[in-house]
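A.B. asks: After the structure tokens below, expect a handful of questions from me.
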DNA sequence: TGGTTATATCGTAATATTACGATATAAGAT
DNA sequence: ATCTTATATCGTAATATTACGATATAACCA
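Residue numbers (the working numbering), protein chains in the order written: chain A, 10 to 110; chain B, 10 to 110.
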């Protein structure tokens, strides 16, 4: 690894947001606190399998977590990591706003 | 287009940050206000051509701009777009912090 | 003019992303 | 036990990303 660890993590989380479907998912999970996979599929103009892939990507990034509930899957924000990400965003914003006025 | 325009733009800018090299470039441009391409190449553990590609990606995202200065290229933050991006980040953070406490 | 320097672009290979339909899996219902 | 439902995963195709060395370009210098 040649880049700072925190930059690598920040980049990874940014990549998790680098698709409007995933942004939509995150926002929905934020509003509803938790969500069944099927609801997210209905919300999005994408097939079930594609939505499942995006959910997997988000889960692997650590920004959300999922648990099986009978035949359904319930997803929610991973608060610990999301907080960390928000903190990193804040730090980034601060350094940007230093110079962008 | 099926996703909200602002989500698409936010996703695109997040994608621009989705690599540690590009984060590094943005941070450097922030600190030094402006930068010659060659300085950025020295900063990064990547070849000249790869750095040039990352610069192109950032320029195409609209987060930075470049101008030719004789035989050199000088880059700086595109303040207008960066401000917009920071604003979007802020909005995102706010909605996240609603639910992540 | 000819050589040097700085940067961008080309060609290319390896890998990742994105999408879909089809299929597997596993729980719940009849 | 079988059927249905919800979700995940597989297979696959199209495209994008990332990296490099090699080459093109264009300005500067001698």
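Using N, Cα and C, we set each Cβ at its ideal position, and we do this for glycine too.
Could you tell me the alpha carbon to alpha carbon distance between residue 73/A and residue 77/B, rounded to whole angstroms?
C.D. replies: Cα to Cα, the separation comes out at about 44 Å.
A.B. asks: Which first and last residues belong to the beta strand (DSSP E) in which residue 75/B is found?
C.D. replies: Here the beta strand (DSSP E) through residue 75/B covers 73-78.
A.B. asks: Use the C-beta contact count for residue 42/A: other C-beta atoms within 10 angstroms, 16 or more gives buried, fewer gives exposed.
C.D. replies: Classification for residue 42/A: exposed.
A.B. asks: Give the C-beta separation of residue 32/B and residue 19/A to the nearest angstrom, bearing in mind that I take them to be a contact with Cβ-Cβ under 8 Å.
C.D. replies: Rounded, the Cβ-Cβ distance is 6 Å, consistent with contact.
A.B. asks: Could you check whether the Cβ of residue 52/B sits closer than 8 Å to any Cβ belonging to chain A?
C.D. replies: Closer than 8 Å: no.
A.B. asks: If the criterion is Cβ atoms closer than 8 Å, does the pair residue 91/B and residue 98/A meet it?
C.D. replies: Not closer than 8 Å, so no.
A.B. asks: With H, G and I counted as helix, E and B as strand and the rest as coil, what does DSSP make of residue 82/B?
C.D. replies: Looking at residue 82/B - three-state DSSP - the assignment turns out to be strand.
A.B. asks: Nearest by alpha-carbon distance to residue 26/A: which of 66/A, 40/A and 54/A is it?
C.D. replies: Comparing Cα positions, the closest option is 66/A.
A.B. asks: Give the DSSP bridge partners of residue 44/A, in chain order.
C.D. replies: Answer by DSSP bridge pairing, in chain order: 84/A.
A.B. asks: Can you tell me the Cα-Cα spacing of residue 21/B and residue 28/A, whole angstroms?
C.D. replies: Taking the straight line joining both Cα atoms gives about 7 Å.
A.B. asks: Looking at the secondary structure, which residues open and close the alpha helix (DSSP H) in which residue 64/A lies?
C.D. replies: Residue 64/A -> alpha helix (DSSP H) spans 57-70.
A.B. asks: Relative to the ligand ZN, is the shortest distance from any of its heavy atoms to the C-beta of residue 56/A smaller than 7 Å?
C.D. replies: The ligand ZN is not among the ligands present in this structure, which contains no ligands whatsoever.
A.B. asks: Nearest CA to the CA of residue 89/A: which residue from 102/A, 100/A and 70/A?
C.D. replies: That would be 70/A, whose Cα lies nearest to the Cα of residue 89/A.
A.B. asks: Measuring CB to CB, does residue 34/A end up less than 8 Å from residue 64/A?
C.D. replies: Yes, the Cβ-Cβ distance between residue 34/A and residue 64/A is below 8 Å.
A.B. asks: Pick from 37/B, 23/B and 81/B: whose alpha carbon is nearest that of residue 47/B?
C.D. replies: For residue 47/B, the nearest C-alpha among the options comes from 81/B.
A.B. asks: Hey, quick one: how far does the alpha helix (DSSP H) through residue 27/B stretch, first residue to last?
C.D. replies: Segment: none, residue 27/B is in no alpha helix (DSSP H) and carries neither H nor E.
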